[in-house]
Structures are given as C-alpha cells and as structure tokens.
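A.B. asks:
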Amino acid sequence: KNQVEQSPQSLIILEGKNCTLQCNYTVSPFSNLRWYKQDTGRGPVSLTIMTFSENTKSNGRYTATLDADTKQSSLHITASQLSDSASYICVVSSGGSYIPTFGRGTSLIVHP
Amino acid sequence: DVKVTQSSRYLVKRTGEKVFLECVQDMDHENMFWYRQDPGLGLRLIYFSYDVKMKEKGDIPEGYSVSREKKERFSLILESASTNQTSMYLCASSLDGRREQYFGPGTRLTVT
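Chains as they are written, first to last, in my numbering: chain A, 75 to 186; chain B, -9 to 102.
#1: Report buried or exposed for Asp158 of chain A, applying the criterion of at least 16 other Cβ atoms within 10 angstroms of its Cβ.
#2: In this structure, does DSSP put Asn92 of chain A in helix, strand or coil?
#3: What residues of chain A sit near Leu31 of chain B, judged by a beta carbon separation below 7 Å?
#4: Anyone know if the C-beta pair for Val101 of chain A and Cys164 of chain A falls short of 8 Å?
#5: At a Cβ threshold of 8 Å, is Gly117 of chain A touching chain B?
#6: What do you reckon, are the CB atoms on Gln27 of chain B and Glu12 of chain B nearer than 8 Å?
#7: For Gly48 of chain B, which residues from the same chain have a beta carbon less than 7 Å from its beta carbon, with the 5 sequence-adjacent residues on both sides left out?
#8: With 8 Å as the C-beta to C-beta threshold (strictly closer), list the residues of the segment 131 to 148 of chain A near chain B in chain order.
#9: By Cβ distance, which residues of its chain are closer than 7 Å to Lys45 of chain B, with the 5 residues on each side in sequence left out?
#10: Taking 8 Å as the threshold, find out whether the segment -1 to 15 of chain B comes into contact with the segment 123 to 142 of chain A through three or more Cβ pairs.
#11: Using 10 angstroms around the beta-carbon of Glu69 of chain B, count the other beta-carbons present and answer buried if the total reaches 16, otherwise exposed.
#12: From the DSSP secondary-structure annotation, give me the bridge partner or partners of Lys131 of chain A.
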C-alpha cells in the first residue's frame, strides 16, 4: 500500500531560525512529489514539485530536496518568518493513478 | 487565476439533517475530489470524480454520497448527518492524477 510518512508531527522555532521537515514515501511507481503549505483555516497551496530527475528545487526561502533512491524528501525553510506558521503536507503522485497519497503534515509554529 | 469555491465557510447542522456541500471550479479540470481533514489524521479522501457523472469511492465513503452533473460542479451529500461527521471538508480539482491539486477554502461543518 502506498504510504507517506512525515516528521516531525509538530515543530516550534524562533523567528529567523532555519528548520527542516522530512518526508518518507513508499509510493510506486513514483511520478512526482509536492510540498503543500496550508495556512490555518485555508486550503493547501502547492509550494514545490519534484520529479524523479530533480534533486533540489527552491522557491524563495523554501528549498525542497529529493532522494529517489532512499525515497526521502525534505523541505528546508531558511530565516523563518511568522507567516511560515502553517501545516506543511507532503504529497506523492503515482504514475497511472488518479489519486495522490498525502502525508499527515507537519505543523510548524514560528514564535517572535 | 485558478479558482475553487465552496458554498459555505461555516455550517452548523443538527443530527439527522441532510447536508449539501457544493464545490465549483473554473479551470475546466477533469478530476474533482472531496476530503475531510481532522487533527492528527491529515486529509482523507471521501470520493473523487474523473469525469461528469463518474464517481469513485475514496478511503472513507461511508455516510456520504456525491453528485457531478456538470464538469465544473461536484457536490458532497451527507444523507443523515451525525456528530462524527463534524470536520473540515475540502474540495479540490486537478487536470490529472499527477498534476497539482487546487483546493477550495474549506467548509467547517459542525453537527450537533
């Protein structure tokens, strides 16, 4: 069964600090991996997409990495801001399936 | 700008009532999805539709039904609302299974 595991479940950091969120998956065959950001009371919004051939992709202060061999991805947030407080969800799509597999998310709180 | 709208942001219903949640997308997407989101459980798929009048059960379809009479509209129906259906309901659409899912703002449903 396809699965996506995220860690940690929750994280609290001080404004200005960096942090890294982890995602491990067992989805096969792999098509792509997305990180979504979900602000409180809103729907998730895509931050980055990683395909099999990509190792690193940046979107401003967000940098995603992918190791397709170990089936692991990370999302690194640099110089965190209060607006980074949100849930971050890892989603893996499989070739030939209508439905991607969602992780349960990491809840990030950035304190001033 | 792509848009997915949901009929209500907040809804309070009584046990046993029939509840309709409406979702409309303006992107001409083939696929539409209904999820519920509960703390600690992440997003769980209730139903999805890959074409007009076509529907497939997701992971937790019990107590729900759906309708897709037009491409842009996907409705979620709770035939007889129960307190365990109190949750955040999110609608999404996508061009295909590997593309980004675009989410609506969510409907927070409370059943008393």
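C-beta atoms are modelled at their ideal positions from N, C-alpha and C, and glycine is treated no differently.
C.D. replies: By the coordinates alone:
#1: buried
#2: coil
#3: Arg178
#4: no
#5: yes
#6: no
#7: Leu35, Ile36, Tyr37 and Phe38
#8: none
#9: Tyr37, Ser39, Val56 and Arg58
#10: no
#11: exposed
#12: A:Ala138
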